[in-house]
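Student: Dumping the structure here so I can ask a few things about it.
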Amino acid sequence: MTLPLRFIIDGYLIDMSRSEVTGKAGSIKVEPKVLQVLLLLAQNAQQVVSHQQIMEQVWQGSEVVPNALQRCIARLRKVLDDDAKSPRIIATHPKIGYRLMVDVQWQQEQPKQRAVINNPRELKGRWKWIALVVLFMTFGLFFAVFTTSLEPKIKSIKTITHTDSFESEVSYSPNGQYIVFNRQTQSCYSHIWAKNLKTGIESRLSEQAGFYRDTRFTFDGRSIIFTQQKNCDQKAREFEPQSANCWQINSLDFAASLSSPQPAAVRYQCQNQSISRPIALPNHQYAFLQTEHGNSGLIHYNALNQQSDILFAPSALSIYSYDYSPVQSQYAVIGFNPDSEHVLSILNEQGRVLQQHIVTLQKTILPLAQFEIRYSNEGDALLAVNDGTLYHLNLNGELSEYKPLLQNIISVDKHPKNAQVIAITGYKDTDIANVPIYTEHNTPIQSGINQSVQPYKSFARTKSAEKSAKFQPFGDLIAFISERSGNDEVWLWDGAQATQLSDFANNSRIEQLTWSPDGKQIAVVSNGLLKLTDLDGNTQSFNAPVLLEKVAGWHQNSSLLVTATAANARALWALDLKTLQFTPLPIEGVSNTWSTSHTLYFSHLNGKVFRVSLPIDSQAPEYMSALNGKSLVLSQNKFYSYDPTSRYLSMYNLEGELIKQIRPLKPFAWKLSDVKGQHMLLEQVIEVNQDIIELELSYDH
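Residue numbers 1 to 701, in the UniProt record's numbering, belong to the letters of the sequence shown in order.
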C-alpha cells in the first residue's frame, strides 16, 4: 500500500503534492527535497534515521554539497517553529542521524462514489476521462508552482530614524528587540547608539566619540564589537606622519551601556594593517578581513593566546566582503578572480572550501561594483547590496532583485526571527571649490530657505555628487565628474557655466579623470573601459586585457596609467599611446599615481605613499611616510597635501620632506583635488543624509 501524500505532525498539515506546509499562520511553499527528508522521518517516526539512509533515499546518489542535509533540517525547523537547542519535533543524534519526536496522522483520500451505477463500460470510460483531466491538472499545478521562479519582494517600508545627524553601521540584537548603530557627531567621529524597537527609546552606549566602524552585536547579545581607527580629525597641531594610523577591535558591555555610556574595552590591539568587519566567534575567537598593500585575507584571531592565523587568502581571489552563519557554522566570502568575475566561496570553520560559484550578474549591474553580503537566518542564502540595490543571492551564485526597486541602500542586516530587514539608506552631496592657496577668502553667506552650508563657495553646485576636479593644462577650463544627469559624466566649467562634455552609456560610473599633458583630451574609465574624450565630446574607447577600474595618471605624453582589480590586489597597467598596447607593471595595490620624468610615486588604499625609479625593475618601493595619498597633488615638483590629523594644507619636496605648513582648512573640505598657480581645487562634503529604515521581505512565487 502506498502511503498518502498528506500527513499531519504537531498540528502542521504537510501536502507533498503541493510542496506546501499549512499551520496556524497560513501556508508556505517548501522545497521538495526538504519535504522528502521530512517524509522519510515521518515514515520512521520515533526512530533514528541515519545520515547515510537519508542521503541514499532522498538524493539517490546524486552529487550534493556536504551540508545539504543540515540545511534541510534547519529549513524544516524554521517552517515547523522548532528549536534546535530545545527540540520538540526533530531530534538530532550527533554523528548518527535525526528522529521525528511526534506521532504522524496520515490522511487517506477517499474516492467519491456515485449513488447509481448504470453501465460498467460507461463508468470505465468516464474514469479514463476523469483520470486524464486530473493528470493534466496535476501537471499544470506542478509547472505553475515549480517552474515559476521565486520572486524576492519588498512588502513594506518603515522609517526608524530621521534626524539631522546621519546614521550608519546598523544591526539587530539577537532577540530582535534592539538595533545598534553609529550616529555621526562631527567629521568622521561618531557615537554608538541603541534603539528599543518596541518603545522607540534611544540610548547612547559609547562614553567617547571616535572613528568607529562595523558595529554589531556578538551572537549571544551580551556585547557589541566594532573597529576603531586612530586617525580621524584629531586636534593635534603638530605634524604626525600617516604611518601613525592604526586599527583595533573594541567591545562594549551592552547591559551596562544601556544604563549609562561606557568606555570601550580593547579586544585586538592597534595594528597598522587595515581591518574590517570583525565577528565574535565562541570562546574568545574573532574573524575579520585584513588588508595590506591591497591584498585582503580572512583572518582568525584567538584572544586567549593573542595569535592570528590566515583562514582564507587565496592568491587567485581579491576578497572584499564576507559573513559568518552561526547556524551553519560556515563563512561566505566574495571576491574577484583574475577575470574580474565575482566569486562566492562557502567555507567551513577551518577555512576549507565547501563550494565555490561565479555570481551570475544581471545586465544592470556594473561589473566592478562590489557586493556587501549578509547571511539569512537559516544560513541557506545571502542578502546582497550592490550599487544601492538589494538582492537575494543563493549560495550557488544565482542573483535576483528585490522589487519594487529601492535606490540608495547602503547596508542591511537580517532580523533574527522574522522577515524584517534593517537597512541604511541615503546619499552623499559633495561639491568642488576653487580656493586661493595662501589667502583666506570668506564668502558672505546668503540667507534663504534650504540653504546648504558650504565650507568654501562651491562652483557649479547641485545636490548630486561632484568630484575629481582638475585644472586644464595650458587653458582656463576645469574638468570634473558629476552625476547630475543621472549617470557619472565629464563636465567642463569655464568660470561661469557648466557644460556636459561626455555622453556615456546608462549606469555610467567613473571614479576620477585626468587631463592629457597638452590639455586637449580627458581620460576616464567608465564601466571597465578606458575612454579618451576631446574637447568637442568625441570619444574613443580602448579594450584592455582586463576590466579596468580607474585612470591613475598620465605619465608625460606617451603613457597612460590605469588600475584594474586583479587577483588579490589592484594591479597597475600602462597604455602606450603610440602602439596602443597595454602592459602590466610589477606593482600591486595601487590606488593613485604621480610621476616626474625619472620617478613614479604611488599610493595604496590606506593612503600610504611609495616611490620607485623609472623604468620600473625589481627594486623594492621606498615608503614616503610623511605623505598622505588620500589628499595629495604634485605640482611644479612640489607635493601639496591636506593632512586630516593636523588639518593643515602643507607643502613637501620630492623627498617627502616637509617644507612648510601653509594654512588650516575647514572641516569637511577634506580632499585636495588639484593645484595650479595660486589656486587649489577642493572636494568638500556638503551633506550626508543617511537614515535607518526597516523592510519587510518575502521570497515566494
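We treat Cβ as the ideally placed atom computed from N, Cα and C, and that holds for glycine.
May I ask which residues mark the beginning and end of the alpha helix (DSSP H) holding Q36?
Tutor: Position 36 of the sequence shown, counting from 1, holds the residue named residue 36. P32 to Q43 is the extent of the alpha helix (DSSP H) around Q36.
Student: Going by DSSP in three states, A68 sits in which element: helix, strand or coil?
Tutor: Locating residue 68 in the sequence shown gives position 68, counting from the first residue. The answer is helix: DSSP assigns A68 an H, G or I state.
Student: Is the beta carbon of G607 sitting closer than 8 Å to the one on G629?
Tutor: The residue given as residue 607 occupies position 607 in the sequence shown. The residue given as residue 629 occupies position 629 in the sequence shown. Cβ atoms of G607 and G629: closer than 8 Å.
Student: Which value, in whole angstroms, describes the spacing of the CA atoms of N44 and T22?
Tutor: Sequence index remark: in the sequence shown, residue 44 carries index 44 (1-based). Sequence index remark: in the sequence shown, residue 22 carries index 22 (1-based). So the two alpha carbons sit approximately 21 Å from each other.
Student: Identify whether M55 lies in helix, strand or coil by the three-state DSSP scheme.
Tutor: For this step, residue 55 is matched to residue 55 along the sequence shown. M55 falls in the helix class under three-state DSSP.
Student: Buried or exposed: which applies to residue 704, given that a residue is buried once 16 or more other Cβ atoms fall within 10 Å of its Cβ?
Tutor: Within the shown structure, residues of the chain are numbered from 1 to 701, placing residue 704 beyond reach of any answer.
Student: Leaving out five residues before and five after Q556 in sequence, what residues of the same chain have Cβ atoms less than 8 Å from its Cβ?
Tutor: Position 556 of the sequence shown holds residue 556. Contacts found: P517, S595 and S597.
Student: Give the secondary structure of F254 by DSSP, where H, G and I count as helix, E and B as strand, and everything else as coil.
Tutor: The sequence position of residue 254 within the sequence shown is 254, counting from 1. DSSP places F254 in helix when its eight states are reduced to three.
Student: What are the start and end residues of the beta strand (DSSP E) that includes D431?
Tutor: Translated into positions along the sequence shown, residue 431 becomes position 431. It spans Q420 to P436 - the beta strand (DSSP E) in which D431 sits, taken as one unbroken run.
Student: With residue 703 as the anchor, note down where its beta strand (DSSP E) starts and where it stops.
Tutor: Any question about residue 703 goes unanswered here, given that the chain covers just 1 to 701.
Student: Which one or two residues does DSSP pair with L577 in a beta bridge?
Tutor: Start at 1 with the first residue of the sequence shown, and residue 577 comes out as number 577. Partner(s): none; L577 has no beta bridge.
Student: Just the Cα atoms here: how many angstroms apart are residue 771 and W59?
Tutor: Since the first residue shown for the chain is 1 and the last is 701, residue 771 is missing from the structure and cannot be characterised.
Student: Rounded to whole angstroms, what's the CA-CA distance from A264 to L304? Just pull it up for me.
Tutor: On the sequence shown, residue 264 is found 264 positions in, with the first residue counted as 1. On the sequence shown, residue 304 is found 304 positions in, with the first residue counted as 1. Roughly 18 Å between the two C-alpha positions.
Student: Assuming T215 and S171 make a contact with CB atoms under 8 Å, what is their CB distance in whole Å?
Tutor: Counting from 1 along the sequence shown, the entry for residue 215 is found at position 215. Counting from 1 along the sequence shown, the entry for residue 171 is found at position 171. Contact holds; Cβ gap of about 7 Å.
Student: What do you get for R570, buried or exposed, if any count of 16 or more other CB atoms within 10 angstroms of its CB means buried?
Tutor: Numbered from 1 along the sequence shown, position 570 holds the residue referred to as residue 570. Buried, since its Cβ has 16 or more Cβ neighbours within 10 Å.
Student: On the three-pair Cβ rule with 8 Å, is the segment 180-192 touching the segment 202-209?
Tutor: Contact holds: three or more Cβ-Cβ distances are below 8 Å.
Student: Using alpha carbons as the reference points, say which of Q407, A280, V525 and S259 lies closest to R267.
Tutor: The count along the sequence shown starts at 1 and reaches residue 267 at position 267. Checking every option, the nearest Cα to that of R267 belongs to A280.
Student: My guess is that L197 and Q177 are in contact by the Cβ rule of under 8 Å, so how many angstroms apart are they, rounded?
Tutor: Walking along the sequence shown from the start, residue 197 turns up at place 197. Walking along the sequence shown from the start, residue 177 turns up at place 177. About 6 Å; that satisfies the 8 Å criterion.
Student: My output table needs one value for S625: the three-state DSSP class, helix, strand or coil.
Tutor: On the sequence shown, residue 625 is found 625 positions in, with the first residue counted as 1. Coil.
Student: For Q262, is the classification buried or exposed, using 16 other Cβ atoms within 10 angstroms of its Cβ as the cut-off for buried?
Tutor: Counting from 1 along the sequence shown, the entry for residue 262 is found at position 262. Answer is buried; the Cβ neighbour count reaches 16.
Student: According to the Cβ coordinates, are D431 and V421 closer than 8 Å?
Tutor: Here the question's residue 431 lines up with position 431 in the sequence shown. Here the question's residue 421 lines up with position 421 in the sequence shown. No, the Cβ-Cβ distance between D431 and V421 is not below 8 Å.
Student: What residues match up with H357 in a beta bridge as DSSP calls it?
Tutor: By 1-based counting over the sequence shown, the position of residue 357 is 357. L344.
Student: Please list the segments of the beta strand (DSSP E) lying wholly inside the segment 316-345, counting only runs of 3 or more residues, in order along the chain.
Tutor: Here the runs fully enclosed are 318-325 and 330-336.
Student: Have a look at G397, A74, A255 and L405 and flag the residue whose alpha-carbon is nearest the alpha-carbon of S156.
Tutor: Translated into the one-based positions of the sequence shown, residue 156 becomes position 156. Here the closest residue by C-alpha is L405.
Student: Which same chain residues, not among the five before or five after G537, have their C-beta less than 8 Å away from its C-beta?
Tutor: By one-based count along the sequence shown, residue 537 stands at place 537. Closer than 8 Å at the Cβ level, and outside the excluded window around G537, lie L501, S502 and D503.
Student: If we ignore side chains and look at the alpha-carbon of each, how far apart do S318 and Q107 end up?
Tutor: Counted from its first residue, the sequence shown places residue 318 at position 318. Counted from its first residue, the sequence shown places residue 107 at position 107. Roughly 54 Å between the two C-alpha positions.
Student: From the DSSP output, which residues share a beta bridge with D276?
Tutor: Within the sequence shown, numbered from 1, the residue matching residue 276 stands at position 276. Here the sequence assigns Ser to residue 276, which means Asp is not the residue at that position. S276 is bridged to L289.
Student: Are there 16 or more other CB atoms within 10 angstroms of the CB of R222, so buried, or fewer, so exposed?
Tutor: Here the question's residue 222 lines up with position 222 in the sequence shown. Its Cβ having fewer than 16 others within 10 Å, R222 is exposed.
Student: Between the Cα of Y402 and the Cα atoms of H415, G388, L395 and N396, which residue gives the shortest distance?
Tutor: Looking up residue 402 in the sequence shown gives position 402. Of H415, G388, L395 and N396, the residue nearest in Cα terms is G388.
Student: Are Q684 and Q454 close, meaning C-beta to C-beta below 8 Å?
Tutor: Your numbering for residue 684 matches position 684 in the sequence shown. Your numbering for residue 454 matches position 454 in the sequence shown. Taking 8 Å as the Cβ cut-off, Q684 and Q454 qualify as a contacting pair.
Student: Exposed or buried, which one is S274 when buried takes at least 16 other CB atoms within 10 Å?
Tutor: What you label residue 274 is simply residue 274 of the sequence shown in a count that begins at 1. Flag for S274 reads buried.
Student: Check whether the Cβ atoms of L563 and K550 sit closer than 8 Å, and answer yes or no.
Tutor: Sequence index remark: in the sequence shown, residue 563 carries index 563 (1-based). Sequence index remark: in the sequence shown, residue 550 carries index 550 (1-based). Reading off the sequence shown, one finds Thr at residue 563, where the question assumed Leu. For T563 and K550, yes; Cβs fall inside 8 Å.
Student: Return the Cβ separation of S168 and F181 in integer angstroms, given the expectation that the two are a contact with Cβ distance under 8 Å.
Tutor: Position 168 of the sequence shown, counted from the start, is the residue given in the question as residue 168. Position 181 of the sequence shown, counted from the start, is the residue given in the question as residue 181. Right, the Cβ-Cβ distance comes to about 7 Å (below 8 Å), so this counts as a contact.
Student: CB Q285 to CB I299, shorter than 8 Å?
Tutor: Within the sequence shown, the letter at position 285 stands for residue 285. Within the sequence shown, the letter at position 299 stands for residue 299. Not a contact, by the Cβ cut-off of 8 Å.
Student: Counting Cβ pairs, one atom from each stretch, are 3 or more of them under 8 Å apart for the segment 361-372 and the segment 338-351?
Tutor: Output reads yes: the segment 338-351 touches the segment 361-372.
Student: Going by DSSP, name the residue or residues bridged to I481.
Tutor: The residue you call residue 481 lines up with position 481 of the sequence shown. The partner list for I481 (beta bridge, DSSP) reads K467 and V490.
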